[in-house]
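S.K.:
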Amino acid sequence: MGLTQSPPYEKQPLYIAGQRHQLQSTFTTVNPANNEPLAEVSQADPSAIDAAVEAGQRAFPSWSITSPLERSRILLRAVHLLRARNDDLARIETHDTGKPFSETSTVDVVTGADVLQFYANLIAAGGLDGDTTPLRPDAYISTTKAPLGVCAGIGAWNYPIQIALWKSAPCLAAGNCMVYKPSEFTPLHALQLAEIYTEAGLPPGVFNVVHGAGDVGARLTSHPSIAKVSFTGQVSTGSKVASAAAAGMKAVTMELGGKSPCVILPDAAVELAVDGAMMANFFSSGQVCTNGTRVFVPQSLLPAFQTRLLQKMSDIRPGDLMDPNTNFGPLVSKPHWEKVTAYIRHGIETDKATLLYGGLGAPSPLPPACRKEGYWVRPTVFTDCTDDMLIATEEIFGPVMTILPYDDSHPAYLTTLIARANATPMGLAAGVFTADLALAHQVVGALEAGITWVNTWGESPAEMPVGGWKKSGLGVENGRRGLEAWVRHKSTLVEMARGGSGTVFAKL
Ligand code: NDP
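All residue numbers for the sequence shown refer to the working numbering, where the first residue is 2 and numbers rise by one.
1) So for HIS81, helix, strand or coil by DSSP?
2) Look at the alpha carbon of LEU149 and the alpha carbon of THR387, and state the distance between them as a whole number of angstroms.
3) Can you find the residues in the same chain that come closer than 7 angstroms, C-beta to C-beta, to ALA121, ignoring five residues on each side of it along the sequence?
4) So what does DSSP say about PHE283, is it helix, strand or coil?
5) What beta strand (DSSP E) runs, 3 residues minimum, are completely inside the segment 210-281?
6) From which residue to which residue does the alpha helix (DSSP H) around ARG309 run?
7) Would you list the one or two residues that DSSP bridges to PHE329?
8) Using CA coordinates, which residue listed in THR233, HIS224, LEU266 and THR254 is at the minimum distance from ALA248?
9) Between the alpha carbons of LYS472 and VAL42, how many angstroms are there, rounded?
10) Specify, as a first and last residue, the run of the alpha helix (DSSP H) that LEU494 falls within.
11) Consult DSSP for GLY468 and reduce its assignment to one of helix, strand or coil.
12) Using DSSP's beta-bridge definition, name the partner residues of CYS152.
13) Looking at the structure shown, is GLY428 part of a helix, part of a strand, or coil, going by DSSP?
14) Does the segment 441-456 come close enough to the segment 134-142 that 3 or more CB-CB pairs lie under 8 angstroms?
15) Would you mind sorting SER237 into buried or exposed? The rule is 16 or more other CB atoms within 10 Å of its CB.
16) How would you call GLU185, buried or exposed, if buried means at least 16 neighbouring beta carbons within 10 angstroms?
17) Which residue or residues does DSSP assign as beta-bridge partners of LYS353?
18) Going by Cα to Cα distance, which pick from LEU311, SER244 and SER68 is closest to ASP130?
19) Does GLN20 come out as helix, strand or coil in the three-state DSSP assignment?
20) Quick check: the segment 79-96 against the segment 300-315, are at least 3 beta-carbon pairs closer than 8 angstroms?
21) I believe TYR407 touches PRO299 by the beta-carbon criterion, under 8 angstroms. Please report the beta-carbon distance rounded to the nearest angstrom.
22) Here's the rule I'm using: 16 or more other beta-carbon atoms within 10 Å means buried, otherwise exposed. How should PRO368 be labelled?
23) Tell me, which residues are paired with SER43 by DSSP?
24) Do the segment 357-368 and the segment 24-38 touch if we need at least three Cβ pairs shorter than 8 angstroms?
25) Return the residue from the list GLU350, SER334, PRO8 and ALA53 that minimises the CA-CA distance to HIS212.
26) Suppose you measure from the CA of GLY206 to the CA of ILE162; what does that come to, to the nearest Å?
27) For VAL296, which residues does DSSP report across the bridge?
28) How about LEU166 and ALA114: are their beta carbons less than 8 angstroms apart?
29) Compute the distance between the beta-carbons of ALA56 and LYS12, then report whether it is under 8 angstroms.
30) Using the C-alpha atoms, what's the distance from PHE102 back to ASP321?
31) List the DSSP bridge partners of TYR141.
32) Compute every distance between the C-beta of LYS182 and the non-hydrogen atoms of ligand 1, then say whether any falls below 7 angstroms.
33) Quick check on the burial criterion: 16 or more other C-beta atoms within 10 angstroms. Buried or exposed for GLY127?
34) Could you round the C-beta distance between VAL433 and ALA441 to whole angstroms and report it? I think they count as a contact, below 8 angstroms.
35) Could you pull out every residue in the same chain whose Cβ sits closer than 7 angstroms to the Cβ of ILE317, ignoring the five residues on either side in sequence?
36) Taking ASP51 as the reference, which of LYS241, THR107 and VAL210 has the closest Cα?
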């Protein structure tokens with residue numbers, strides 16, 4: 002393993018051409034549960050970023066022509082190592098993100114490894130094959146898929162190793178090389194993954210890591226030798242990254258934020274709807290891009306829904322993050338804690354929404370294992386919200402549910418409900434809870450979102466392509482379609498008749 006297995010961790014290097022690369026200039030990453038330092042991290046300077054890109058360029062000619070079967074073998078060895086080290090990696094993620102071990106050990110590494118396995122298997126089974134189309138008896142067209150080159154992966158802090166794998170898996174499987182920049186708030190997984198890839202047999206330079214803040218991401222994005230940028234983060238940052246990439250005509254995949262509607266229909270089972278709404282708001286302390294934070298509840302169900310929700314809020318258990326019983330952690334960083342706290346305050350003081358549960362401050366009483374210096378907030382529910390409230394329009398990215406009641410006594414209520422659900426510039430996810438599957442299809446069909454669920458929330462398996470509509474993103478990750486984002490197409494027309502195009506002029 003690349004790291005000592007408990008904090009404080011050793012100084013984190015960059016990873017370039019299969020080697021650790023320490024730099025003098027560093028920044029500190031802290032444990033959000035107690036605000037104690039976890040590690041010093043090498044801060045990439047422009048020459049280190051250039052060196053990482055050049056390492057990718059040197060590796061590309063050979064990696065891009067390595068057969069898909071051989072690439073698959075290497076990636077599957079990495080899958081094996083990830084699964085064998087699941088708990089060690091999950092512990093590191095818990096320290097770095099503040100997410101409970103009960104989550105990181107069952108979701109983060111597992112779902113990342115699943116995607117790597119999916120793409121390794123897909124390329125071995127012909128996923129990169131082209132087509133042949135007979136044109137005439139003596140001519141045909143063939144299409145091939147070629148890798149793009151050296152690509153940049155820029156990650157957010159909420160699912161660090163999962164994001165790193167969701168980007169690097171299809172990228173490397175397709176024959177590209179990658180320079181990966183994790184969020185400066187959660188850098189610890191990156192060396193682990195890089196060294197696992199190397200141990201699995203990935204040639205030096207195919208996967209490189211640079212650390213730092215937005216300026217490092219910006220330099221990567223505008224680097225002339227970067228062919229594509231795959232970005233996960235906020236809409237505002239994504240917009241800057243997409244503009245910079247467009248200037249260099251680079252391909253992009255943008256996985257951005259959302260303000261997704263969770264639509265409870267009048268015939269929904271209350272228990273199922275409450276479980277879904279809780280999953281859509283409090284998992285990972287609400288730091289999930291696909292959260293369904295706008296919960297539309299019919300007036301006819303509102304009393305029963307709220308009563309059951311209040312009973313179930315006690316199932317949210319903050320505590321020692323390594324305790325398997327803990328399912329709620331602090332927020333990832335001080336700036337994020339300040340942002341989420343400001344939204345809760347705004348909801349109470351300015352929006353004047355009805356506070357049904359939670360509110361300002363840390364969970365009370367804070368369990369003994371939790372330090373008040375950590376970035377804790379209370380799971381919070383506002384009700385009787387209206388569509389124009391700030392808490393109902395902007396992405397909070399914390400454990401804050403807004404209940405938006407609707408009048409279901411009117412026969413045409415569905416039209417108004419769908420219009421309200423779609424009244425957001427974002428379109429990442431949406432979901433509907435109902436006993437009527439035909440109605441579910443009708444509603445899902447009308448919702449403007451790239452990722453939708455019926456009677457469930459949040460599962461995002463390797464087989465399922467995911468990506469946002471409207472301002473929530475461009476392109477998809479995962480599934481068969483996710484591989485297409487990492488290749489370019491070449492079409493070749495082959496003329497077998499003697500003479501070919503020359504005969505055209507001969508006839509003139
Ligand atoms: P940010 O947009 O703040 O940052 C994302 C990454 O971009 C970080 O690595 C950041 O560096 C880097 N960055 C910042 N500025 C630039 C720049 N000018 N050029 C290139 N890179 C830059 O997002 P957060 O980290 O706060 O992540 C939370 C957001 O991510 C939420 O909006 C959430 O919805 C979204 N998200 C979307 C997902 C999806 O699949 N659709 C999945 C997960 C999260 P640094 O932070 O180190 O400064």
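C-beta: ideal position from N, C-alpha, C; glycine also.
Because the structure is a prediction, the values reported are computed rather than measured.
M.R.: Reading it off the structure:
1) helix
2) 46 angstroms
3) SER73, LEU76, LEU77, VAL80 and ALA174
4) helix
5) 229-233, 252-256 and 262-265
6) 303-313
7) The partner list for PHE329 (beta bridge, DSSP) reads PRO319.
8) HIS224
9) Roughly 33 angstroms between the two C-alpha positions.
10) Note, LEU494: premise wrong, no alpha helix (DSSP H); beta strand (DSSP E) at 488-496.
11) coil
12) Answer is MET179 and LYS229.
13) Strand at GLY428.
14) Too few Cβ pairs lie closer than 8 angstroms, so no.
15) exposed
16) GLU185 comes out buried.
17) According to DSSP, which records beta bridges pairwise, LYS353 is partnered with nothing at all.
18) If we check each option's Cα against that of ASP130, SER68 comes out closest.
19) Residue state, collapsed to three classes: strand.
20) no
21) Contact holds; Cβ gap of about 6 angstroms.
22) exposed
23) Bridge partners of SER43: THR27.
24) no
25) Measuring from the Cα of HIS212, the nearest candidate turns out to be ALA53.
26) 19 angstroms
27) CYS263 and ILE404
28) yes
29) no
30) 9 angstroms
31) PRO135 and VAL495
32) yes
33) exposed
34) 5 angstroms
35) Counting only Cβ-Cβ distances below 7 angstroms, and skipping sequence neighbours, we find PHE283, ASN328, PHE329 and PRO380.
36) Nearest C-alpha to ASP51: VAL210.
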